[in-house]
Amino acid sequence: MLQNASTRIVVVDDEPDVLSMVSDYLGRGGCHVSRCANGAELDRAIDMVAPDLVVLDVNLPGEDGISIARRLRATKQVPIVMLTALADTIDRVVGLEVGADDYVTKPFDLRELAARVHAVLRRAQAAGGCPAVPQRPQSARERRQLNVACFGEAFLDFDARRLIDRNGADLPITATEFEMLSTFAQHPNKVLTRDRLLGDSSEHGSGCCDRAIDIRVTRIRKRIEVNPTRPQVIRTVRSVGYVYVPPA
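Counting from 1, one number per residue, gives the positions in the sequence shown under full-length UniProt numbering.
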């Protein structure tokens, strides 16, 4: 059982055989699955019912998957698992840069895809009925009571799974980025290797893993650092990994 019948997934692929195979498999796992052949059909599906996750092929006619992912990430927090060709490393890197949570290379094993979808859904699952976060946390004591960690110019709200700025406005964050910041918060002032930061992510293989971590750290720094080119909150430890330095 992948999730439950209330979990809604949209699969976007212009190859009918792949679309049918993936949709049927995820549907048998217990999810409600919608099928789309292109970005326009995806937009109509999302307008009808907000999905819990999108499985998105990169190579689509018209608007490609990278452009669709970038557009989705600009307005929505829906997790994205991208499907890429085996040789297209650049697609995987760019997909991560625009905010995809994970990727699967074609040809793929359906069990592997289901495992990755399950992992992303699990990471993205937010706690329901959480109290609202005050617009302006005022003190360290208040932040501790709210289960919030300070990351430079932003705060990570663990209960609501949100990244907020000092005015209380939401900052964009993927499920994978949230898990990475959570790992940093749990290990302040400790050097964490890229393998440790990868954690239970379903990414594997040496070709893209280190690059994937570096891309996400760079993206996070743009939201939390005063000067992302001279990071003080998440610092690089050359040849090893990164360290989170909380405020004094």
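All C-beta atoms, glycine included, are put in the ideal place defined by N, C-alpha and C.
What you are looking at is a predicted structure, and each value in this text was computed from that prediction instead of being measured.
- Remark: C-beta atoms of E225 and G168 do not approach each other more closely than 9 Å.
- Cβ contact annotation for L113 (same chain, cutoff 6 Å, sequence separation greater than five): V104, in chain order.
- Using a 10 angstroms sphere on the CB of M180, the tally of other CB atoms reaches 16 or more, which defines it as buried.
- When only Cα atoms are considered, I66 and L42 end up about 14 Å apart.
- Closest in C-alpha terms to R123, from the list P107, C150, V81, V10, comes V81.
- If only uninterrupted beta strand (DSSP E) runs of at least 3 residues are considered, those enclosed by the stretch 35-108 are 53-57, 80-85, 102-106.
- In summary, P188 is exposed, with fewer than 16 beta-carbon neighbours lying within 10 Å of its beta-carbon over all protein chains present.
- Distance check between V237 and each of L60, T193, R116 places T193 closest, using alpha-carbon atoms only.
- Contact between F184 and I234 is confirmed by a C-beta separation of about 7 Å, below the 8 Å threshold.
- The C-beta separation of S182 from F155 comes to about 13 Å, leaving the pair out of contact by the 8 Å criterion.
- Here V11 carries a strand assignment [DSSP, helix/strand/coil].
- Runs of the beta strand (DSSP E) spanning 3 or more residues and lying entirely within the UniProt domain "OmpR/PhoB-type" (146-246) occur at 148-151, 154-157, 162-165, 191-193, 234-237, 241-244, in chain order.
- In the DSSP assignment, G27 falls within the unbroken alpha helix (DSSP H) covering 16-28.
- Comparing alpha-carbon positions, the option among V11, G241, R219 lying closest to V191 turns out to be G241.
- Annotated as distal: A40 and E15, with beta-carbon spacing of 9 Å or more.
- Per DSSP, the beta bridge partners of V33 are I9.
- When rounded, the separation of the alpha-carbon atoms in C36 and I213 is 30 Å.
- With fewer than 16 other Cβ atoms from the protein chains shown falling within 10 Å of its own Cβ, D195 counts as exposed.
- Between the beta-carbon of V117 and that of V55 there is about 7 Å, and that keeps the pair under the 8 Å contact cut.
- Excluding five sequence positions before and after R221, the CB atoms of its chain that fall closer than 7 Å to its own CB belong to P228, P231, I234, given in chain order.
- Taking each of D52, A50, N38 in turn and checking the Cα distance to P61, the smallest one comes out for N38.
- Judged by beta-carbon spacing, P172 lies beyond the 9 Å limit of R71, meaning their Cβ atoms are not closer than that value.
- Taken atom to atom, the span from the alpha-carbon of N59 to that of R28 is near 26 Å.
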